[in-house]
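Going down the list, the protein sequences come from chains A and B.
Position one of the first sequence corresponds to residue 1 (my numbering), numbered consecutively onward.
Position one of the second sequence corresponds to residue 1001 (my numbering), numbered consecutively onward.
Beta carbons: idealized from backbone N, C-alpha and C, even for Gly.
Because the structure is a prediction, the values reported are computed rather than measured.
Okay, so here's the structure we're looking at.
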Amino acid sequence: KQKQQTISRFFSHD
Amino acid sequence: MLELRLIQGSLLKKVLEAIKDLVTEANFDCSATGFSLQAMDSSHVALVALLLRSEGFDHYRCDRNLSMGINLNNMSKMLRCAGPEDIITIKGDDGTDTVTFMFESQKQDKISDFEMKLMDIDSEHLGIPDAEYQAIVRMPSAEFARICKDLGSIGDTVVISVTKEGVKFFTRGDVGSANIVCRQNTSVDKPEDSTVIEMNEPVSLTFALRYMNSFTKATTLSEVVTISLSSELPVVVEYKIAEMGYIRFYLAPKIED
């Protein structure tokens, strides 16, 4: 089973 | 006051077609640097970053930084009314809630003004740090589009692996599996037909094909696509926009749960 990660996990808020 | 005149108006039409299915609403930011956009899809799995540098415009006037909230589907409807050879000018004013797209025919014998309502969009702006990638693949954009389309008919995800043998695209679905390997191949006569692989370390990552197939809508913007991969980072799928900038798609990988 695979889980889709989100972009915000990698890039921080400005 | 904002006035951006783009001789090759078709570029803007193509940009909209490339992103409107991924992102429905976004803020276009206008500054001295250029006309840009950063937006995530509704699931926050993919992010698109667009830059059209000010030098690429025939005329570029942006008195102060301006952010315009736009429904991309509506903007696409308006830009579709521009002819393929038309010059497009984007006009805006501080304090108004509209933007005007002016289309001029090459012969200047037809001039159309389309005024579109702007909207307030509360968008998050993410900082994208510069990264060293384990592998960077440059290949013909049409080839990449073909691979994503073909694999999308078999499975839902693609495993992209780069080794010194080449770049491998693998999928598995109910009907079976598919494996496509592209080896490095440099074409001196037509560099845009080359597949070039820069690898620091082997890397293998899994991505949703639905998103990859959406990114390939940008294929008309560039003959070459660059795919940058590192474990623990979103893949970057970049299409350069001739002498103007780029459109970059970032997609978060899937991991074993």
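Among residues of its own chain, excluding the 5 on either side of residue i, which ones have a beta-carbon nearer than 7 Å to its beta-carbon?
i, result
"L1051 of chain B", "G1034, S1036, G1245, Y1246"
"E1192 of chain B", "P1140, E1223, V1224"
Decide if residue i is buried, meaning its Cβ has at least 16 other Cβ atoms within 10 Å, or exposed.
i, result
"R1080 of chain B", "exposed"
"R1183 of chain B", "exposed"
"P1202 of chain B", "exposed"
"I1197 of chain B", "buried"
"I1111 of chain B", "exposed"
"G1092 of chain B", "buried"
"M1119 of chain B", "exposed"
Report the neighbours of residue i on chain A: residues whose CB is nearer than 9 Å to its CB, in chain order.
i, result
"G1127 of chain B", "F11, S12, H13, D14"
"D1257 of chain B", "K1, Q2, K3"
"M1040 of chain B", "T6, I7, S8"
"K1254 of chain B", "Q2, K3, Q4, Q5"
"T968 of chain B", "In the structure displayed, chain B extends from 1001 to 1257; residue 968 of chain B sits before or after that span and is not available."
DSSP on residue i, reduced to helix/strand/coil?
i, result
"D1193 of chain B", "helix"
"V1015 of chain B", "helix"
"D1093 of chain B", "coil"
"C1148 of chain B", "helix"
"F1028 of chain B", "strand"
"K1077 of chain B", "helix"
"T991 of chain B", "The shown model of chain B, from 1001 to 1257, leaves out residue 991 of chain B, and the question about it has no answer."
"I1241 of chain B", "strand"
"Y1250 of chain B", "strand"
Just to confirm before moving on: does the CB-CB distance between residue i and residue j stay below 8 Å?
i, j, result
"A1026 of chain B", "Y1250 of chain B", "no"
"M1078 of chain B", "V1158 of chain B", "no"
"I1241 of chain B", "S1222 of chain B", "yes"
"E1256 of chain B", "Q5 of chain A", "no"
"G1069 of chain B", "I1019 of chain B", "no"
"T1216 of chain B", "A1145 of chain B", "yes"
"M1199 of chain B", "K1149 of chain B", "no"
"I1007 of chain B", "I1087 of chain B", "yes"
Once the 5 residues before and after residue i are set aside, which same chain residues still bring their CB inside 6 Å of it?
i, result
"V1181 of chain B", "G1166, K1168"
"R1061 of chain B", "E1003"
"K1013 of chain B", "L1079"
"M1040 of chain B", "L1047"
Report all residues from its chain with a CB closer than 8 Å to the CB of residue i; omit the five preceding and five following residues, and keep chain order.
i, result
"V1235 of chain B", "I1160, L1205, F1207, I1227, S1228, L1229, Y1250, L1251, P1253"
"L1072 of chain B", "L1016, I1019, K1020, V1023, T1024, E1025, A1026"
"G1155 of chain B", "T1171, R1172, G1173, S1177, A1178, L1209"
So which residues of chain A does residue i contact, with C-beta pairs closer than 8 Å?
i, result
"A1208 of chain B", "Q4"
Short-range partners of chain E found in the region 1228-1245 of chain B, where Cβ spacing is below 7 Å | Going by chain labels, chain E is absent from the structure shown, which instead holds the protein chains A and B.
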